[in-house]
Structure formats: C-alpha cells, structure tokens
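Everything below concerns the one structure shown next.
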C-alpha cells in the first residue's frame, strides 16, 4: 500500500482514490480520553460516505462490523471522502 505524508491531526492518509476525492485513512484512538471506547461501531455517528473497514488491535487486523466494540489504542482504517476527514477525526477522537 502506498503511504502519503498528508495528515490531519491524528489522521494519516494511506492512499487517495478517485482523483483525490476519496481516501483510505488511519486513525489511532487515544489511550487517555477515548470518547468512543466501549461503544459498538453501529452506535457511532459517522460522517456521510465514511466506512470503517478494519482495525488493528494488539498486532491483529480485525474486520469491522456493526457489533465491533472499539478500545483505546485501536488503529482504525477507514474509507472516506477527503472533505470529511476532519469530521471523522472528531467523531472518533472528540478533537
């Protein structure tokens, strides 16, 4: 996978698609102030056109489903419109 240097706060863009309009991004959930930890993915208020694809927890890659419960330190892989990256960050980290 191609990694790009572009970042928005705690979001790192892994690759851009569709002429830069869509991106696969990585977001690490904070250890100390995790606003979504203990919540199931189905209960999250995510931006339109944003899909959580996978998460990395303790070196294991987990496919995300609606009943997946998030935990502090999880690294989330998401597919989103680039214009919604900041909203996605707020939804997952509270920042």
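In my numbering, the protein residues as written are 371 to 465. The C-beta atom is built at its ideal place from N, Cα and C for all residues, glycine as well.
Notebook entry, point to check: Between residue 391 and the rest of its own chain, which residues show a CB-CB distance below 7 Å, the 5 nearest in sequence each way excluded?
Noted result: Apart from the 5 residues on each side of it in sequence, residue 391 sits with its Cβ closer than 7 Å to the Cβ of 451 and 452 in its chain, given in chain order.
Note to self: Measuring only the C-alpha atoms, how far is residue 433 from residue 413?
What the structure shows: Taking the Cα positions, residue 433 is about 17 Å away from residue 413.
Checklist line | Pairwise C-alpha distance: residue 389 and residue 404 | finding: Each residue's Cα considered, the two are about 33 Å apart.
Check: So, residue 395 versus residue 448, is the Cβ gap smaller than 7 Å?
Finding: Between residue 395 and residue 448, the C-beta spacing is below 7 Å.
Notebook entry, point to check: Leaving out the 5 sequence neighbours to the left and right, which residues in its chain are closer than 8 Å to residue 455 when beta-carbon positions are compared?
Noted result: Excluding its 5 nearest sequence neighbours in each direction, residue 455 has C-beta neighbours in its own chain below 8 Å: 378, 381, 383, 393 and 395, listed in chain order.
Checklist line | Residue range of the unbroken beta strand (DSSP E) whose run includes residue 456 | finding: According to the DSSP assignment, residue 456 belongs to no beta strand (DSSP E) but to the alpha helix (DSSP H) extending over 455–463.
Next item on the list: Could you tell me the boundaries of the beta strand (DSSP E) in which residue 387 lies?
Entry: Counting along the chain, the beta strand (DSSP E) containing residue 387 begins and ends at 381–387.
Next item on the list: Consult DSSP for residue 405 and reduce its assignment to one of helix, strand or coil.
Entry: DSSP, read as helix, strand or coil, puts residue 405 in coil.
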